[in-house]
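Throughout, the numbering used here is defined as the position within the sequence shown, counted from one, plus 829.
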Amino acid sequence: MRLVSLQAQNFKKLKISKPLPLSEGIILITGLNESGKSTILDAVLYALFGRVIRPSKMPSNEDIISYGNGEAQVRLEFDIGENRYRVVREVHKTRPNRATLVEVRPNGTTKTLASSVKDVTAEIERLLGGITYDEIVASSVVAQKDLERLIREAQERSTASRESVCRYRQSVQDAQRVRRSRQTARFSSARD
Ligand SMILES: Nc1ncnc2c1ncn2[C@@H]1O[C@H](COP(=O)(O)OP(=O)(O)OP(=O)(O)O)[C@@H](O)[C@H]1O
Ligand SMILES: [Mg+2]
830 MRLVSLQAQN FKKLKISKPL PLSEGIILIT GLNESGKSTI LDAVLYALFG
880 RVIRPSKMPS NEDIISYGNG EAQVRLEFDI GENRYRVVRE VHKTRPNRAT
930 LVEVRPNGTT KTLASSVKDV TAEIERLLGG ITYDEIVASS VVAQKDLERL
980 IREAQERSTA SRESVCRYRQ SVQDAQRVRR SRQTARFSSA RD
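Have a look at this one:
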């Protein structure tokens, strides 16, 4: 899968009215604290799955819509294999949310694949070969506040494995010592 472009209107603090091209390869997002860097990732996740990193439970519309506004919209284009897709999700304070997923043909015409919030998420998961939001987040996304915990856990794991290697070496050496002293004892009793 390749992300092609993102638009986000009143999605949390984002106001990206022209499609923001997402280039191939690694994308580095820089900016001041609280400027909305993590929100760009949230907008991508929300477009695909209707979920965000924070809040991690199902977000309410108030979590998504920019403070003081009545509605938000995200629009993401992405490629899977040779095919291009466009997902649009609209979040309303007073009306039910809407979502559509279309395939964009090379000549620009579109074919609707799903047109309800539930069906869009299910169809995107199907296009991704069954990968769900939880799997994407577990395998590819590290929320910044989790980074320290992951580093600490990795260090603890490596200390634990070093200790178990030391314990294993010690037990091999003990066994060798016991075997040698038994052989010596047998040898000396055979001589007597
Ligand atoms: N619904 C919302 N409407 C408007 N602004 C919001 C909404 N939800 C969150 N924000 C604002 O978004 C900002 C946080 O954005 P984000 O976490 O994307 O920033 P960031 O650039 O990743 O910051 P950091 O460098 O600290 O990681 C906060 O100022 C917060 O008040
Ligand atoms: Mg951030």
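Glycine included, C-beta positions come from ideal geometry on N, C-alpha and C.
Please read these numbers as outputs of a predicted model, since none were measured by experiment.
Residue i burial status per 10 Å Cβ neighbour count (16 or more: buried)
i       : result
Gln-836 : buried
Ala-928 : buried
Asn-936 : exposed
Tyr-875 : buried
Gly-879 : buried
Asn-898 : exposed
Asp-963 : exposed
Leu-861 : exposed
Arg-918 : buried
Leu-793 : This structure gives no information on residue 793, because the portion of the chain shown stretches from 830 to 1021.
Asn-912 : exposed
Thr-988 : exposed
Thr-868 : buried
Which listed residue (the options) has its alpha carbon closest to that of residue i
i        : options                               : result
Lys-842  : Val-833, Gly-959 and Val-903          : Val-903
Ala-967  : Ile-882, Asn-839, Lys-847 and Ser-864 : Ile-882
Ala-943  : Glu-853, Ile-855 and Glu-954          : Glu-954
Thr-938  : Arg-915, Ile-980 and Glu-863          : Arg-915
Phe-1080 : Lys-886, Ala-983, Leu-870 and Gly-959 : Outside the displayed span of the chain (830 to 1021) sits residue 1080, for which this structure offers no information.
Glu-952  : Lys-866, Tyr-896, Ser-846 and Leu-877 : Leu-877
Ser-852  : Phe-907, Ser-885 and Ile-845          : Phe-907
Any C-beta of chain C under 7 Å from that of residue i
i       : result
Pro-925 : Considering every chain present, this structure includes no chain C. It has just one protein chain.
Cross-strand partners of residue i (DSSP beta bridge)
i        : result
Ser-818  : Absent from the model: residue 818. The displayed extent of the chain is 830 to 1021, so no value can be given.
Arg-927  : Glu-919
Lys-940  : Glu-932
Phe-840  : Leu-843 and Ile-894
Ala-989  : Answer is none; Ala-989 lacks a bridge partner.
Arg-1009 : DSSP output for Arg-1009 lists no bridge partner at all.
Close beta carbons around residue i, own chain, < 7 Å, minus the five adjacent residues each side
i       : result
Val-920 : Asn-890, Ile-893, Ile-894, Glu-900, Ala-901 and Asn-926
Val-873 : Leu-832, Leu-835 and Leu-905
Ile-980 : none
Same chain, Cβ closer than 6 Å to residue i, five either side skipped, listed in chain order
i       : result
Ile-909 : Met-830 and Leu-956
Thr-941 : Val-931
Ala-785 : In the structure as shown, the chain begins at 830 and stops at 1021. Residue 785 is therefore absent and cannot be evaluated.
Pro-888 : Val-881
Distance, residue j Cα to residue i Cα
i        : j        : result
Gln-1002 : Arg-996  : 10 Å
Val-933  : Arg-924  : 28 Å
Leu-976  : Ser-993  : 26 Å
Val-970  : Arg-1006 : 50 Å
Thr-1013 : Glu-982  : 46 Å
Arg-1008 : Arg-991  : 26 Å
Gln-984  : Arg-998  : 21 Å
Pro-850  : Lys-866  : 15 Å
Ser-1010 : Arg-986  : 36 Å
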